[in-house]
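See below for the structure under consideration.
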Amino acid sequence: MAKEKKATPDLEDDPRTIQLCADLMSSSLRRMKLEDDDSDLVNAHAACTRWLTFKPLSNLKTESQPRERDPDAAGMVTRAPAPGAHGPGGVWSHLPHDALRHILRLHREAERVQLSVNHGVIYGIKAGRATSMPPHSRAAHGSRRRRPFCSSLRLGLGNERARDIRFLHFMTHERWCVPRPLCLTFFVKLDGPHGLKMSCFDGRNENIHVGRILGPLIVDIVPKLNIGSPLFNALDLDYIQYPAVKTMCSHEALVEIKGIISRLEYLRTPYYASTAPSVDAAVGPALRFWPIESCSFPSQMTATSLPCLKCIEFSAFFDEDRPTVLTTFVHKLALLLPSHRRIILNYASLESENTLAALLAAFPTIRDIDRQGCFQITDATLAVLEKHPPLHHLRLDDVSSITGPAVAFLLRARGSQLRFLSLPWHGAVPIAAIALSAPNIECIEVTGCYNRGFPLENIRLVNDLLRACPRLKTFRPADLEDTLASDPSSRS
């Protein structure tokens, strides 16, 4: 018996299990909020935190060994809770490796669907392309993390930890109290990051001060990454509105980072970059996800092909005199032969209704279309989609210019492969078309229920839909949920 017990490995000491806990911590679960509904995942997160506190990765002989980090350095991980602080969560620390791996896989799949596209892609690039475990740092994430991060930089702490950072995200915050020279002492020690994201727009006047400090850092930091960080592949500079931070987006500043753009997989440059279109025009063949803020540079693009491009997102900024999606850009993009499968037109302004038709005709590989709030979408546009290969993902919510019969015709013609559908409430006709023509549907979101109610006949209609679509997992009348929550009397 003693020999049998000795031959059985202790799951707590199994290097695979310890490594998996580190993966859980450094991947999706570290971004969970305490108010999330899934208590199992919260407990798993707590168990992994405690486990790594008492069983670090010192015994693993891999390059992915994470170093012990100062909790106040660069606003990184908070201190692990004491054992037993999370009640029943301790039972998770005794799960076998395969069970924890299953939890991780399910959570990552759910996160892939629910996260916004730009964050999902940039995190996916970070995780998929990293040769070692990619520590993730969020600077100034709310008041709790802003103060420790600023204090650490002012005291000179955390600089030695910069070499461990793989993805750095400066988020919106109320006030930035670290002068540029001290910021620079931290940034110059970044060694090997794969992604950089800076956000300075949240509607507060204090961000004018933030932009004066962080804006020039783009010119200081990014050119050095081109030389010292060969694995750097994601640059996300959010839209900047205030004129005081235009130095960040001037032609001279953006030209300085032009050299690194040609090898990026993810690129988002500020809206003011349209004054220097040659920078966006420097994109190269490695590009995978491209949120385009301006389409005014087709003649300046130097790339001969974009074979890796999988998703393109057009700007949501609307100007009646300058649409955000130009037909000339679509034709230029078609010459680059991308194989992208997703297009995002959320509240984008098309040059004309024919622009989308040209886009669909040029790229038959598109399977996911997000056209939320794109007001130029009409029944005629849906008729064009009837000639396109079957879609997997279609979002039409907040589009008031389409009718129920047009949606039904589209579903009958091209609904066989549809997995996700979001649309306004148009009564029974589209729902019946889903039941007949979309057997693979997994998720349906319906908006606009709050003014019409949801009578008994509609509930019966949904029940028929559930019987007709065995793969359907979610039917969500989004506005109805809000109505029931705010007005309990409406539940009757």
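Note that my numbering gives residue 471 to position 313 of the sequence shown, counting from 1, and the numbers run on in steps of one. All C-beta atoms, glycine included, are put in the ideal place defined by N, C-alpha and C.
- [ ] Leaving out five residues on either side along the sequence, give the residues of the same chain with a beta carbon under 6 Å from the beta carbon of residue 571.
- [x] 544
Open item on the list: Buried or exposed for residue 339, going by 16 or more other Cβ atoms inside 10 Å?
Closed with: exposed
Task: Residue closest to residue 484, alpha-carbon to alpha-carbon, out of 452, 589, 504, 564 - done: 452
Task: Neighbourhood of residue 562 by C-beta distance below 6 Å, restricted to the same chain and skipping five residues each side - done: 584, 585, 587, 588
- [ ] For the beta strand (DSSP E) holding residue 353, just list the boundary residues, first then last.
- [x] 353-356
Open item on the list: Report the CB separation of residue 422 from residue 384 in whole angstroms; it is logged as a contact under 8 Å.
Closed with: Between residue 384 and residue 422 the Cβ distance is about 10 Å, and since that is not below 8 Å, they are no contact.
TODO: Provide the residue span of the alpha helix (DSSP H) that contains residue 345, from first to last.
DONE: 338-345
- [ ] Can you give me the start and stop residues for the beta strand (DSSP E) that residue 580 sits inside?
- [x] 578-582
Task: Among 459, 620, 382, 427, the one whose alpha carbon lies nearest that of residue 355 - done: 427
Task: Alpha carbon of residue 547 to alpha carbon of residue 575, nearest angstrom - done: 9 Å
TODO: Leaving aside the five residues before and after residue 468 along the sequence, list all residues of the same chain whose C-beta is less than 7 Å from its C-beta, in chain order.
DONE: 446, 447, 498, 499, 500
TODO: Less than 8 Å between the CB atoms is what I'm expecting for residue 439 and residue 460, so what's the real figure, rounded?
DONE: 6 Å
Open item on the list: Quick check: what's the CA-CA separation for residue 327 versus residue 348?
Closed with: 13 Å
- [ ] Give the DSSP-derived three-state secondary structure of residue 441 in the structure shown.
- [x] coil
Task: Close Cβ partners of residue 503 (< 6 Å) along its chain, the five nearest in sequence each way excluded - done: 472, 529, 532
Task: Uninterrupted beta strand (DSSP E) stretches inside the segment 509-597 (no shorter than 3 residues) - done: 526-528, 551-553, 578-582
TODO: Can you tell me which of the three DSSP states residue 379 falls into?
DONE: helix
Task: Distance, residue 536 Cα to residue 557 Cα - done: 8 Å
- [ ] From the DSSP output, in three-state form, read off residue 643 for me.
- [x] The pLDDT assigned to residue 643 is 46, lower than 50, so where the model puts this residue is not dependable; a value taken from the coordinates is nonetheless given after this. Residue 643 falls in the helix class under three-state DSSP.
Task: Under the three-state DSSP convention, the category residue 415 falls into - done: coil
Task: Residue span of the alpha helix (DSSP H) that contains residue 392, given as start and end - done: No alpha helix (DSSP H) holds residue 392; the beta strand (DSSP E) holding it covers 392-395.
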